[in-house]
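The structure under discussion appears below in the form of C-alpha cells.
In this note's numbering, the protein residues as written are 330 to 790.
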C-alpha cells in the first residue's frame with residue numbers, strides 16, 4: 330500500500346483551508362464497510378470491466394441534504410437559504426470549494442431525482458407511486474470521496490476543507506479497523522434470491538400497447554416508452570444484493586444509494602444522461618435493443634434494423650432540441666449515430682450528441698431543463714409523458730429518473746435510472762420497458778421489456 334499526503338490550496342478565497350488527499354487502494358471489505366457504516370452512503374459504480382468505465386466513486390455522511398418527499402421540501406440542517414429548491418442548490422453550488430484535479434469527483438453535490446419529480450413540472454397531476462417511500466428529490470453536499478481508478482490501478486481518498494474533522498477520523502477508523510481485523514463482510518455471503526412477480530398481465534400490457542398505436546395513428550405522438558413493473562418480498566439488507574448483482578450485470582452507470590436502513594436504490598444502468606466538462610455538454614441516448622444470444626449475426630441485424638434506427642433517430646432529434654435550449658446557438662451536433670454496444674444480456678444502439686453550454690446556464694440548470702431524458706419518455710416529450718401517466722397505472726418512482734454528481738470544479742455527470750431496483754420497506758420494485766412506434770409488434774416489445782431486466786429478476790417470459 331502506497332500512502333502520501335498532498336495539501337491543495339483551494340482556488341476560492343472564501344475557503345482558505347487546505348485539501349487533504351491520500352493515495353490508497355481499498356479492498357472490497359473496506360469499501361463495503363464504508364457503505365454499510367455511513368449514513369446516506371453512495372457508490373457511483375462504473376462496473377467491473379474497466380473497458381466500459383474507468384472510475385468508481387464512494388462517499389457518505391453529507392454535510393447537508395435537501396429532500397423533497399411528496400412535494401414537501403425540507404432542509405437538514407435548517408440553513409438560512411432561498412426557499413426555492415433550484416435557487417438553493419445554485420447557492421450551494423457557489424459554496425463548494427474546488428481543486429484542480431484529473432479525478433472526476435473530489436467533493437461536491439451528489440443527488441437523485443425521481444422521474445416523478447420531473448413529471449411534476451411538465452404534466453398535470455402525475456401519478457406518484459404509493460408503494461415506495463423514496464424521496465422525489467434528494468441532494469447532499471459530500472465533502473470527501475474515495476476514487477478507484479481502474480485503468481491506472483490507483484486509489485485516492487480526498488477530504489475537502491469543508492469535511493468535519495470527526496468525519497475524517499471516523500472514515501480513517503473504519504478503513505484501518507477493517508484492514509486490521511481482515512473482516513469478511515456480508516457482500517461475500519450468498520444473499521437470499523428474491524422471488525420476482527409481474528404486476529400486470531400480458532392482456533393489460535397489450536391493451537396499453539393498442540392505445541398507444543391509436544394515439545400514434547391520430548398524430549398525438551411518434552413514440553411512447555411503455556413500462557411494466559415487477560415486485561418481490563425482501564427482508565434482507567440490499568447492499569449484499571447489489572454486490573451480488575453487479576457481477577452478473579456489469580454496466581458503466583451503475584449506482585447504490587442508501588437513503589435509510591430500509592430505503593435504498595440499486596441501479597445497473599448502461600445509459601448516460603447529461604455529462605458536462607469544461608462547459609461541453611454530452612448526452613448518449615440508448616434506443617434499439619436486441620437480446621445477446623452470442624449469435625454472430627445478432628449485432629449486425631440490430632444495427633441494420635430500420636425500425637430501431639427510426640426509434641433512435643426520433644430520440645436524437647428530441648434531445649438535440651432539449652440541448653438547444655441550454656447551449657450556444659449552432660453548437661449542438663450529433664457526434665455518433667447508431668453505435669453498437671454490447672452488454673452481458675443485450676446489445677444496444679447508442680448515439681452521441683454534444684453542445685456548448687451557454688455562459689448564463691450552470692450545470693444543474695442544464696440538467697433540470699432537459700430532465701427527464703427523452704429516451705425514456707418518447708416523442709414529443711410532453712404528450713408522451715401524458716400518455717405514460719394515463720396508461721401505466723402507477724407512478725414510476727425512481728425508474729427513469731437520474732443519479733448525478735457535480736464536482737467543485739464544474740464536472741457533472743448523470744445516468745438514466747433504467748435496470749434499477751428500489752428497496753422500500755420489505756419490498757423490491759423493478760421496471761422494464763421500451764419505445765413503442767407505429768411498426769412495433771406487441772409480443773416482441775413485451776418480451777424485450779422482460780429481457781432488459783431478466784438478469785435482475787430472472788423473468789424471461
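Every residue gets a Cβ at the ideal spot worked out from N, C-alpha and C, and that includes glycine.
No experiment lies behind these values; they were computed from the predicted model shown.
Closest residue to residue i among the options (Cα-Cα distance)
i	options	result
residue 770	637, 666 and 580	637
residue 622	398, 780, 416 and 430	780
residue 583	565, 590, 714 and 602	602
residue 442	698, 650 and 551	698
residue 730	391, 448 and 433	448
residue 726	682, 643, 506 and 464	464
residue 444	761, 746, 757 and 754	746
residue 645	501, 735 and 665	665
residue 485	348, 640 and 493	348
residue 500	722, 366, 687 and 522	366
residue 682	689, 691, 690 and 668	668
residue 721	372, 435 and 456	456
residue 528	753, 593, 703 and 723	723
residue 397	379, 469 and 434	469
residue 399	379, 459, 451 and 702	459
residue 352	593, 487 and 788	487
residue 754	589, 452, 503 and 691	589
Contacts around residue i, its chain only, beta-carbon distance under 8 Å, and the 5 residues preceding and following it disregarded
i	result
residue 673	577, 578, 579, 621 and 784
residue 575	374, 376, 377, 583 and 597
residue 687	655, 656 and 657
Residues sharing a beta bridge with residue i, DSSP
i	result
residue 620	675
residue 761	557
residue 374	583
residue 752	593 and 757
residue 684	610
residue 744	601
residue 668	679
residue 359	In the DSSP output, where bridge partners are listed per residue, residue 359 has none listed.
residue 766	None, per the DSSP bridge assignment.
residue 663	682
Where residue i falls, given that 16 or more other Cβ within 10 Å makes a residue buried
i	result
residue 740	buried
residue 557	buried
residue 412	A caution first: residue 412 carries a pLDDT of 44, below 50, which makes its placement in the model unreliable, though a value can still be read off. Answer is exposed; the Cβ neighbour count stays below 16.
residue 676	buried
residue 662	exposed
residue 635	exposed
residue 439	buried
residue 362	buried
residue 782	buried
residue 563	buried
residue 565	exposed
residue 350	buried
residue 547	exposed
residue 355	buried
residue 481	exposed
residue 613	buried
residue 521	exposed
Close-in-space but distant-in-sequence residues of the same chain around residue i (CB under 6 Å, 5 per side omitted)
i	result
residue 571	585 and 595
residue 418	693
residue 545	767
residue 370	364, 389 and 587
residue 604	611 and 742
residue 750	595, 757 and 759
residue 385	374, 375 and 477
residue 425	437 and 737
residue 382	375, 376 and 581
residue 406	Any answer about residue 406 is weak, because its pLDDT of 47 lies below 50 and its placement is not dependable; what the coordinates show is given next. Within the same chain, residue 406 has no close Cβ partners at all.
residue 345	Annotation note: pLDDT 39 at residue 345 (below 50); position unreliable, no value reported.
Endpoints, the beta strand (DSSP E) within which residue i is located
i	result
residue 476	473 to 478
residue 738	Run containing residue 738: none; DSSP gives neither H nor E here.
residue 652	Element bounds for residue 652: not the beta strand (DSSP E) but the alpha helix (DSSP H), 635 to 653.
residue 384	384 to 388
residue 440	437 to 442
Contact test: residue i Cβ vs the ligand ATP heavy atom, cutoff 7 Å
i	result
residue 657	In the structure shown, the ligand ATP is absent, as is every other ligand, since no ligand is present at all.
Start-to-end residues for the alpha helix (DSSP H) that takes in residue i
i	result
residue 483	Looking at the DSSP string, residue 483 is not in any alpha helix (DSSP H); the run it does join, the beta strand (DSSP E), is 483 to 488.
residue 543	531 to 546
residue 702	Here residue 702 belongs to no alpha helix (DSSP H), and DSSP marks it neither H nor E.
residue 608	Neither: residue 608 is in no alpha helix (DSSP H) and is coded neither H nor E.
residue 792	Examination of residue 792 is not possible in this model, given that the chain is present from 330 through 790 alone.
residue 628	626 to 632
residue 712	710 to 720
residue 784	783 to 786
residue 572	567 to 578
Nonlocal neighbours in the same chain, by C-beta distance under 7 Å from residue i, ignoring five residues either side
i	result
residue 765	538, 541, 552, 553, 555 and 774
residue 368	389 and 390
residue 342	Because the pLDDT of residue 342 is 34, which lies under 50, any placement of that residue in the model is unreliable, and the question is left without a value.
residue 534	557 and 775
residue 707	550, 552, 553, 554, 713 and 764
residue 508	359
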